[in-house]
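Chemist:
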DNA sequence: TATGAATGAGTATTCATTCAT
DNA sequence: GATGAATGAATACTCATTCAT
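Residue numbers (my numbering), protein chains in the order written: chain S, 90 to 304; chain B, 90 to 304; chain F, 90 to 304; chain U, 90 to 304.
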């Protein structure tokens, strides 16, 4: 009587509603996993947060494993997206790497950061594990590529791209470990400090000309 | 008649034997945890590797939790020890930090590396968790201290010691994630690359005067 | 079409069904405990009797301990209720005590008799143990009180209320031990004999004037 | 050198020593069982009290079951002995019953009281259980016999010997339950009160002529 | 005589998952 | 769309018992 929306949009609403609820499930899972760890979190815990019962979760998600996978993906996607943008930008290799780092820190400090970093491959089926690895590798390759570009265009000094990527990714991923306890800095601030460190290194620069932000 | 060993060593042997066996239990646990994760490893798995039965493990260890704790400690101790030596050395702050990094990499690539890094606080009782945290904090403080010393003696440029330590420790800890799959470099080689990166940074040095190893 | 029951009773049915099943679990536990003892009874045993699987029990009961507690309570409640009625009755102290004894025998010969009497405090958590003790003490105090009233109103001769209660309760509780093997008498008959004994004693009455039932 | 005792008596000492130690094991078991219950007592608990290790217990005792059995027997024997003496005495049935009650209370308040009363038949093998039952039945029959004798010689009023025995034994056995917590009375005092109650009953005697002790 | 070491058997409890309603 | 009910599988932990020494 009072619903002016067409049955069509009603159906659309239903679809959207379902998506919203599904997202809520994933988010609740991500937070619970971060809080208590994957294995220490029971589906009852997640259901309780959402004020539903355990079987309801299965309406939105296939598996506990899939929950983890979706959390994974949710977080990784943000970085993958950032990678794409970095690729399209028309600045120097180093500048694009810096940009990627900023986005990376944002992702890693989000609710999904923990899942991206700490979830064990061992908790996923081979198939899912493989998909995750592919995504991760994509990011890894992108970083290496940016470093190689930087070396080529002279914005980055000579270095081993692989090891450098490992170090950089490690430092970034590790943020997920300490960020909750020590959130005294914003994502942007953390990114700034990291860029400064990785760009200039620890050794004092002769005259401090070059800095991550100055150029 | 045919036993040349003194009664003394007989008793001593037993004690030593017991210690050896206990160490074997811890090592087997460390490897299993690294392979399959803490929760995906059953005591039966560990017992099977050692060709004993499950209850035998309880003869050497109090708990599954304690196993994890001992793995933790075993790995951390190496670093704590390295910290002590770094403190006693009479070189510049940066040199001492570099030395610590080398030892750190060695520890993290050992069998216990995974446990040091990936074991969740959530899998430990509050008491144990607190003990671990204390040890970790010790290392964290040591690193920050070395950085501050380096800044003071001019061997390290101006930087935020806390964030720098987080980044450095993160890069180092992350090694535990990729080292198994990609062990193409030795611990020393990894350390070398990392030092180079962290000391000199990505930005090209004007004339390459300063390098991690050259001084 | 063919369902005459109101939607109301459907929901009500579910609740009632659940209660019935829970009661069945408690009863099955009580019988198993009486048969084999608390520790010699596995949850599988109880589940088997009910033709369900072990985890199902946990749907109705929190614990094995709680099962014992509920059996305890089920039996004790009958006596507590009898105590209440005895208190409200308007007869002599002795008559009311006799009435209580009859109800006591009924309770103790029920399926829950064994649990009331034999279950060890040591098998219960301190909290539960305390609750049980409180209930037991309530009954103890009630008996003493009736005896004191009997002495006051002249229906009971001079005696030590505490020891008398201990003796009476002991004799009654002990029924749980022999009743299963020797159920030749009904609860009422046992009560009659006990009352006769405790009222008149073993020594021959001069002229048999006073008897438990004659008054 | 300084041992004047003959090798013979040395051997005797050894035998005696062994007996003493065995008795200590039984006693420690009895106390532990009373304290924590049969199933909640581990052999390690008993061994710890005796400052030996678990396997040592097996040198003196065949089984955990046998420990319980021996505790049983130790306590029951005292009563069996009392039964024998009661049989040989040349007094009235009631006097002999009173005498037996006194000895019974002594036994039941001893360290072995709990085992006599609370140990479950279900914890014993059929063979042991049968032996225990035989001993218990012996006592039961003895009591009934004394009651019948008392009825015959006029020292006990008409009653159902079986039920009377059950009531009396129950009251006596139950002492094991409360005696530890409430040891305000000595065994003799308890016996006195019980005799008074069972002999004279609760109903006031016309002129208090007959009492348990007066005759 | 006593013990260190090891084990087999048993058990309470948890939890992801399913399905009829 | 959601839930009550049920289950199979898995697992940490305990403990009586054995045996070589």
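Using N, Cα and C, we set each Cβ at its ideal position, and we do this for glycine too.
So which residues of chain F does residue 286 of chain U contact, with C-beta pairs closer than 8 Å?
Modeler: Taking the fourth chain and counting its residues from 1, the one referred to as residue 286 of chain U is at position 197. Those within 8 Å of residue 286 of chain U in chain F are 248, 252, 253, 256, 287, 290.
Chemist: Using DSSP with H/G/I as helix, E/B as strand and the rest coil, what is residue 122 of chain S?
Modeler: Stepping through the first chain from its first residue, residue 122 of chain S is reached at position 33. Note: residue 122 of chain S maps to helix in three-state DSSP.
Chemist: Considering only residues of the same chain and omitting the five flanking positions on each side of residue 210 of chain F, which have a CB-CB separation below 8 Å?
Modeler: Working through the third chain from its first residue, we reach residue 210 of chain F at position 121. Cβ neighbours of residue 210 of chain F beyond the five flanking positions: 218, 221, 222.
Chemist: In its own chain, which residues sit with a C-beta less than 6 Å from the C-beta of residue 183 of chain U, not counting the 5 before and 5 after it?
Modeler: Residue numbering aside, residue 183 of chain U sits at position 94 when the fourth chain is read from its first letter. Cβ neighbours of residue 183 of chain U beyond the five flanking positions: 239, 244, 245.
Chemist: So which of F/286, F/291, F/110 has the shortest CA-CA distance to residue 140 of chain F?
Modeler: For the purposes of this step, residue 140 of chain F is taken as residue 51 along the third chain, with counting starting at 1. Checking every option, the nearest Cα to that of residue 140 of chain F belongs to F/110.
Chemist: Return helix, strand or coil for residue 175 of chain F, following the three-state DSSP convention.
Modeler: The residue you call residue 175 of chain F lines up with position 86 of the third chain. In the structure shown, residue 175 of chain F sits in a helix (DSSP, three-state: H, G or I).
Chemist: Helix, strand or coil, according to DSSP, for residue 202 of chain S in the structure here?
Modeler: Stepping through the first chain from its first residue, residue 202 of chain S is reached at position 113. Looking at residue 202 of chain S - three-state DSSP - the assignment turns out to be helix.
Chemist: Using Cβ-Cβ distances below 8 Å, what residues of the segment 129-153 of chain U are close to chain F?
Modeler: Within the segment 129-153 of chain U, the qualifying residues are 129.
Chemist: If we ignore side chains and look at the alpha-carbon of each, how far apart do residue 216 of chain B and residue 270 of chain S end up?
Modeler: Position 127 of the second chain holds residue 216 of chain B. Position 181 of the first chain holds residue 270 of chain S. Taking the straight line joining both Cα atoms gives about 18 Å.
Chemist: Could you compute how far the alpha carbon of residue 125 of chain F sits from the alpha carbon of residue 292 of chain U?
Modeler: Here residue 125 of chain F refers to the residue found at position 36 of the third chain. Here residue 292 of chain U refers to the residue found at position 203 of the fourth chain. About 40 Å.
Chemist: I want to see whether chain F comes within less than 7 Å of residue 245 of chain U, judged by CB atoms only; does it?
Modeler: Here residue 245 of chain U corresponds to residue number 156 of the fourth chain, with the count starting at 1. Answer yes: the Cβ-Cβ gap between residue 245 of chain U and chain F drops below 7 Å somewhere.
Chemist: Return the chain-ordered list of same chain residues with a C-beta closer than 7 Å to the C-beta of residue 260 of chain F, the five sequence neighbours on each side being excluded.
Modeler: For the purposes of this step, residue 260 of chain F is taken as residue 171 along the third chain, with counting starting at 1. Taken in chain order, the residues that qualify are 283.
Chemist: For the alpha helix (DSSP H) holding residue 147 of chain F, just list the boundary residues, first then last.
Modeler: Here the question's residue 147 of chain F lines up with position 58 in the third chain. Segment 143-149, the alpha helix (DSSP H) holding residue 147 of chain F.
Chemist: Could you check the C-alpha separation between residue 137 of chain F and residue 230 of chain S for me, to the nearest Å?
Modeler: If you number the third chain from 1, residue 137 of chain F lands on position 48. If you number the first chain from 1, residue 230 of chain S lands on position 141. About 58 Å.
Chemist: DSSP state of residue 128 of chain F, grouped into three classes?
Modeler: Counted from its first residue, the third chain places residue 128 of chain F at position 39. Reduced to three states, the DSSP call for residue 128 of chain F is coil.
Chemist: Leaving aside the five residues before and after residue 187 of chain U along the sequence, list all residues of the same chain whose C-beta is less than 6 Å from its C-beta, in chain order.
Modeler: Within the fourth chain, the letter at position 98 stands for residue 187 of chain U. 284, listed in sequence order.
Chemist: With a threshold of 6 Å on Cβ separation, who are the neighbours of residue 119 of chain F within its own chain once the five nearest residues in sequence on each side are excluded?
Modeler: One-based indexing of the third chain puts residue 119 of chain F at position 30. Within the same chain, residue 119 of chain F has close Cβ partners 160, 200, 201, 204.
Chemist: Tell me, please, whether the CB atom of residue 158 of chain B is closer than 7 Å to any CB atom in chain S?
Modeler: The residue labelled residue 158 of chain B in the question sits at position 69 within the second chain. Judged by the 7 Å Cβ criterion, residue 158 of chain B is not in contact with chain S.
Chemist: Between residue 90 of chain F and residue 131 of chain S, what straight-line distance do the alpha-carbon atoms span, to the nearest angstrom?
Modeler: What you label residue 90 of chain F is simply residue 1 of the third chain in a count that begins at 1. What you label residue 131 of chain S is simply residue 42 of the first chain in a count that begins at 1. Note that residue 90 of chain F scores a pLDDT of 49, beneath 50, so its modelled location is shaky; the value from the coordinates is reported in the next line. Residue 90 of chain F and residue 131 of chain S: Cα-Cα distance of roughly 42 Å.
Chemist: At least one CB of chain S closer than 7 Å to the CB of residue 211 of chain B: is that the case?
Modeler: Here residue 211 of chain B refers to the residue found at position 122 of the second chain. Residue 211 of chain B counts as touching chain S.
Chemist: Within 10 Å of its beta-carbon, does residue 173 of chain U have 16 or more other beta-carbons around it, so buried, or fewer, so exposed?
Modeler: Translated into positions along the fourth chain, residue 173 of chain U becomes position 84. Classification of residue 173 of chain U: exposed, given that the 10 Å Cβ count is below 16.
Chemist: Look at the Cβ atom of residue 171 of chain U, then the Cβ atom of residue 151 of chain U, and state whether they are nearer than 7 Å.
Modeler: By 1-based counting over the fourth chain, the position of residue 171 of chain U is 82. By 1-based counting over the fourth chain, the position of residue 151 of chain U is 62. No, the Cβ-Cβ distance between residue 171 of chain U and residue 151 of chain U is not below 7 Å.
Chemist: Establish whether the CB of residue 166 of chain F and some CB of chain U are separated by less than 7 Å.
Modeler: Mapped onto the third chain, residue 166 of chain F falls at position 77. Judged by the 7 Å Cβ criterion, residue 166 of chain F is not in contact with chain U.
Chemist: Taking only three categories from DSSP, how would you classify residue 214 of chain B?
Modeler: What you label residue 214 of chain B is simply residue 125 of the second chain in a count that begins at 1. Reduced to three states, the DSSP call for residue 214 of chain B is coil.
Chemist: Measure the CB-CB distance between residue 194 of chain S and residue 279 of chain S and report whether it falls below 7 Å.
Modeler: As a first step, residue 194 of chain S must be located in the first chain, where it is residue number 105. As a first step, residue 279 of chain S must be located in the first chain, where it is residue number 190. Yes, these two residues count as a Cβ contact at 7 Å.
Chemist: Taking the straight line between their C-alpha atoms, what separation do you get for residue 192 of chain S and residue 167 of chain S?
Modeler: As a first step, residue 192 of chain S is located in the first chain; it is residue number 103 there, counting from the start. As a first step, residue 167 of chain S is located in the first chain; it is residue number 78 there, counting from the start. Between residue 192 of chain S and residue 167 of chain S, the C-alpha separation is close to 8 Å.
Chemist: Is there a Cβ from chain B that is less than 7 Å from the Cβ of residue 215 of chain S?
Modeler: The residue you call residue 215 of chain S lines up with position 126 of the first chain. No, its Cβ sits nowhere closer than 7 Å to a Cβ of chain B.
Chemist: For the alpha helix (DSSP H) that residue 264 of chain F lies in, which residues bound it at each end?
Modeler: Reading the third chain from its first residue, position 175 is the one you call residue 264 of chain F. Its alpha helix (DSSP H) spans residues 250-267.
Chemist: Cβ of residue 126 of chain U less than 7 Å from any chain F Cβ?
Modeler: Sequence index remark: in the fourth chain, residue 126 of chain U carries index 37 (1-based). Taking Cβ atoms only, chain F reaches closer than 7 Å to residue 126 of chain U, which makes this a yes.
Chemist: Determine the burial state of residue 288 of chain F: buried for a count of at least 16 other Cβ atoms within 10 Å of its Cβ, exposed for fewer.
Modeler: Position 199 of the third chain holds residue 288 of chain F. So residue 288 of chain F counts as buried.
Chemist: With burial defined as no fewer than 16 other Cβ atoms inside 10 Å of the residue's Cβ, what is the status of residue 32 of chain B: buried or exposed?
Modeler: This structure leaves residue 32 of chain B out entirely; chain B is present only between 90 and 304.
Chemist: Along the segment 267-284 of chain U, what residues have a CB closer than 8 Å to any CB found in chain F?
Modeler: The residues in question are 267, 274, 279, 282, 283.
Chemist: Please report the distance separating the alpha-carbon of residue 276 of chain F from that of residue 143 of chain F.
Modeler: If you number the third chain from 1, residue 276 of chain F lands on position 187. If you number the third chain from 1, residue 143 of chain F lands on position 54. One C-alpha to the other measures close to 35 Å.
Chemist: Could you give the DSSP three-state label for residue 244 of chain U: helix, strand or coil?
Modeler: Residue numbering aside, residue 244 of chain U sits at position 155 when the fourth chain is read from its first letter. If DSSP states are grouped into helix, strand and coil, residue 244 of chain U belongs with coil.
Chemist: By the criterion of Cβ-Cβ separation under 7 Å, what are the contact partners of residue 260 of chain F in chain U?
Modeler: Start at 1 with the first residue of the third chain, and residue 260 of chain F comes out as number 171. Residues of chain U passing the Cβ test: 256, 259, 260.
Chemist: Compare the C-beta of residue 263 of chain F against all C-beta atoms of chain U and say whether one is closer than 7 Å.
Modeler: Reading the third chain from its first residue, position 174 is the one you call residue 263 of chain F. Yes, residue 263 of chain F counts as interfacial toward chain U.
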